[in-house]
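In what follows, a single structure is set out as structure tokens and then discussed.
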């Protein structure tokens, strides 16, 4: 198993960042078949082989992902792809 932790600062404020994160999550739902739900400002997600959360703050985001055994072999590739998509979502 592998864990991925990604932190980002932003200047969007909580509400605008939540809107961007929601769009990001919807695209991942289509592309990767994740299920997700909001708990306050925390987006909790799960799919076969991975689960985690994305905490939205006033000026920061904190993403934690736990990969199962099969996906842990691709942790580097997954982290790189998520970084790219998250950067695009926060523009």
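In this note's numbering, the protein residues as written are 25 to 115.
Heads up, the beta-carbon is just placed ideally off N, CA and C, and yes, glycines get one too.
Only a predicted model underlies this, so the values are computations on that prediction, with no experimental measurement involved.
Put residue i into one of helix, strand or coil per three-state DSSP.
i: residue 44; result: helix
i: residue 76; result: strand
i: residue 89; result: strand
i: residue 102; result: helix
i: residue 27; result: strand
i: residue 63; result: strand
In chain order, what residues of the same chain lie with their CB nearer than 6 Å to the CB of residue i, ignoring the 5 residues before and after it?
i: residue 96; result: 25 and 26
i: residue 103; result: 28
i: residue 48; result: 113
Can you list, in chain order, the residues of its chain with a C-beta nearer than 8 Å to that of residue i? Leave out the 5 residues immediately preceding and following it.
i: residue 38; result: 65, 80, 81 and 82
i: residue 44; result: 36, 113 and 114
Quick check: residue i and residue j, are their CB atoms within less than 7 Å of each other?
i: residue 85; j: residue 32; result: yes
i: residue 88; j: residue 75; result: no
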